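A.B. asks:
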Amino acid sequence: LKAPVIIRPLEDIFVQEGSNKILEVEIEAYPKPMIEWFLNSKIIDESYAIQTYFDGRLAILKFNDAQIEQQGEYRCRAINEGGSAETRCNVVIVKEENLANDEISKIPKFIEKMQNIKMKDEGEALTLKCKVNGEPEPEIRWLLNGKTITQDDRIRIRTFGDGVCILEIIQLTADLCGTYTAIAHNIYGDAHANAEVSLETIDLSMKTIKEPFFVVEPTRDLVVEEGKVLRIICDIDGKPQPKGKI
Numbered sequence: 001l002k003a004p005v006i007i008r009p010l011e012d013i014f015v016q017e018g019s020n021k022i023l024e025v026e027i028e029a030y031p032k033p034m035i036e037w038f039l040n041s042k043i044i045d046e047s048y049a050i051q052t053y054f055d056g057r058l059a060i061l062k063f064n065d066a067q068i069e070q071q072g073e074y075r076c077r078a079i080n081e082g083g084s085a086e087t088r089c090n091v092v093i094v095k096e097e098n099l100a101n102d103e104i105s106k107i108p109k110f111i112e113k114m115q116n117i118k119m120k121d122e123g124e125a126l127t128l129k130c131k132v133n134g135e136p137e138p139e140i141r142w143l144l145n146g147k148t149i150t151q152d153d154r155i156r157i158r159t160f161g162d163g164v165c166i167l168e169i170i171q172l173t174a175d176l177c178g179t180y181t182a183i184a185h186n187i188y189g190d191a192h193a194n195a196e197v198s199l200e201t202i203d204l205s206m207k208t209i210k211e212p213f214f215v216v217e218p219t220r221d222l223v224v225e226e227g228k229v230l231r232i233i234c235d236i237d238g239k240p241q242p243k244g245k246i
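Read in UniProt numbering, the sequence shown has 103 at position 103, and its numbers run on one by one without any break.
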């Protein structure tokens, strides 16, 4: 049993009106905690405008088409049998005309994007490389099929002072194939870059079939007041396009 611990807390941010933006919190806990999000002390009801998901370690709140009324103090709380932990930040929604040119130039932007890679055999090494600009220097997060990647003996992650970001796979295996995403984040915004990594042997044997996976996972634990509308939102990818059932 381990009570939730906030490894990476929320940070105050500016969000351009009408843009998409994510808030991220990294959490360690066992068993997997329930996540609650609040805006100005009121629990947030999921909708298209604000979506949340949690992969067991990374809690994300995503703004779609951010609006002025969504600004305020955001709080993320993690709860399990061992206890609870929370983190807060202030989100300021600004109109584009109010953003100074120098602020716009500080938003992260990928100036070199990753290339899709198809390898012939398992066991080969490969490198994904991209380059990002932004001030202050953006923090880089990596995902594989929507799941947070942590460095281990099979994957090395490096970020250099000139904005170059590298993910190295020491020996490619089938379970390391899929969609890789680099997320660059600083106080002014974020940017994403994607690349597909695949094996020719898998493509031939499966005829380009891709097992369904969650790009955005549904929230697993929800607290809903009686009489309130309940929305469960997720984003699924796969080939052929998968069908969902509740």
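For each residue, glycine too, the CB sits at the ideal point set by N, CA and C.
Nothing here was measured: the structure is a model prediction, and the numbers come from that model.
I need the boundaries of the beta strand (DSSP E) containing G72, first residue and last residue.
C.D. replies: Residues G72 to N80.
A.B. asks: Under three-state DSSP, which class holds L204?
C.D. replies: Bear in mind that a pLDDT of 43 at L204, under 50, signals an unreliable position, so the model cannot answer this.
A.B. asks: E24: which of E11, G18, E36 and E17 sits nearest, CA to CA?
C.D. replies: The option with the nearest alpha carbon to E24 is E11.
A.B. asks: Using DSSP with H/G/I as helix, E/B as strand and the rest coil, what is residue 253?
C.D. replies: Residue 253 cannot be examined here, being either before or after the span of the chain that is shown, 1 to 246.
A.B. asks: For I60, I'd like the list of residues in its chain whose CB is within less than 6 Å of its CB, leaving aside the five on either flank, ordered along the chain.
C.D. replies: The answer, listed in chain order, is I22, E24 and Y53.
A.B. asks: Who are the Cβ neighbours of P108 in its own chain at under 8 Å, not counting the five residues just before and after it?
C.D. replies: V132, N133, G134, P138, A184, H185, N186, Y188, G189, D190 and A191.
A.B. asks: Where does E69 fall in DSSP's three states?
C.D. replies: In this structure, E69 counts as helix in the three-state DSSP scheme.
A.B. asks: As a quick exercise: from N40, A49 and R57, pick the residue whose alpha carbon is nearest that of I7.
C.D. replies: Minimum Cα distance to I7 is reached at R57.
A.B. asks: Where K62 and E28 are concerned, what is the direct C-alpha to C-alpha distance, given to the nearest angstrom?
C.D. replies: Cα to Cα, the separation comes out at about 21 Å.
A.B. asks: Tell me whether D175 sits in a helix, a strand or coil according to DSSP, three-state version.
C.D. replies: Note: D175 maps to helix in three-state DSSP.
A.B. asks: According to DSSP, what are the bridge partners of I170?
C.D. replies: Note: I170 sits in no beta bridge, so no partner.
A.B. asks: With DSSP collapsed to three states, give me the class of Y48.
C.D. replies: Looking at Y48 - three-state DSSP - the assignment turns out to be coil, as it is neither helix nor strand.
A.B. asks: How would you call S105, buried or exposed, if buried means at least 16 neighbouring beta carbons within 10 angstroms?
C.D. replies: Its Cβ having fewer than 16 others within 10 Å, S105 is exposed.
A.B. asks: Would you say Q67 and E17 are within 8 Å of each other, going by their C-beta atoms?
C.D. replies: Yes; because the gap between Cβ atoms is below 8 Å, this pair is in contact.
A.B. asks: Taking just the CA atoms, how far does V92 sit from M206?
C.D. replies: Unreliable placement is indicated for M206, whose pLDDT of 46 sits below 50; no coordinate value is reported for it.
A.B. asks: Buried or exposed, going by whether 16 or more other CB atoms sit within 10 Å of the CB of R158?
C.D. replies: Exposed, since its Cβ has fewer than 16 Cβ neighbours within 10 Å.
A.B. asks: Just to confirm my understanding: we take F38, look at its own chain, exclude 5 residues before and 5 after, and list those with CB closer than 6 Å. What are they?
C.D. replies: The answer, listed in chain order, is R75.
A.B. asks: Verify whether the separation of the beta carbon atoms of I169 and A125 is less than 8 Å.
C.D. replies: Yes, they are a contact pair.
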